[in-house]
């Protein structure tokens, strides 16, 4: 009996390497008004990188994807508390946290998301009821889906249970 070795799914569907054109395109889209993360690398700095710097960035981003290892430094976020307008500044609930990620991390996330959406057909493996972080899927649509499910259950004289959790 011959033993057949199968390649794991994640190795079968590896992302292709990013091109210099793709990286330049994502960097060009960066908002120069956004604050940088703890590394202080701004969008303007990336936009002004010379060709050699862009090539080095491309090598680094492709190695990250090929090794399937996201470096700790790209995971770190600087948390800044912004006060809500018209709220009491002495009240803790008057502030909202903003996470400032490294700009390079943002570029890599956008490149990977674009590649996944282009090459891996997310509609094949992301359930239709998943609305978070998907294009053309808003919270309003999720609310409509919940309301529709409740209405159908009521019309069919069925039970409909739900649990909602709001943590502050």
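Numbering (my numbering), first residue to last: 1420 to 1587.
Virtual Cβ for every residue (Gly too), placed ideally from N, Cα, C.
In this text, all values refer to a predicted model and were calculated from it rather than measured experimentally.
{"query": "Contiguous alpha helix (DSSP H) assignments of at least 4 residues, all confined to the stretch 1452 to 1492", "result": "1462 to 1466, 1470 to 1486"}
{"query": "Three-pair Cβ contact test at 8 Å for the stretch 1498 to 1510 versus the stretch 1461 to 1469", "result": "no"}
{"query": "Burial state of residue 1511 (16 or more Cβ within 10 Å)", "result": "exposed"}
{"query": "Spatial neighbours of residue 1436 in its chain, beta-carbon cut-off 7 Å, leaving aside the 5 residues before and after", "result": "1481"}
{"query": "Three-state secondary structure assigned by DSSP to residue 1517", "result": "strand"}
{"query": "First through last residue of the alpha helix (DSSP H) which encompasses residue 1560", "result": "1558 to 1574"}
{"query": "Residues near residue 1537 in its chain [Cβ-Cβ closer than 8 Å; skip 5 each side]", "result": "none"}
{"query": "Rounded straight-line distance, which links the Cα of residue 1472 to that of residue 1464", "result": "11 Å"}
{"query": "C-alpha distance - residue 1531 paired with residue 1555, whole-angstrom precision", "result": "18 Å"}
{"query": "Identity of the residue in 1501, 1450, 1566 nearest residue 1516 by Cα", "result": "1501"}
{"query": "Whole-Å CB distance - residue 1524 paired with residue 1493, under 8 Å assumed", "result": "4 Å"}
{"query": "Backbone secondary structure at residue 1524 - three-state DSSP", "result": "helix"}
{"query": "Length of the line joining the Cα atoms of residue 1522 and residue 1565", "result": "36 Å"}
{"query": "Where residue 1437 falls: helix, strand or coil (DSSP)", "result": "coil"}
{"query": "Nearest to residue 1528 (by Cα), restricted to the options 1546, 1545, 1489", "result": "1489"}
{"query": "Per-residue DSSP class, three states only, for residue 1449", "result": "coil"}
{"query": "Proximity of residue 1454 and residue 1526 at Cβ, strictly below 8 Å", "result": "no"}
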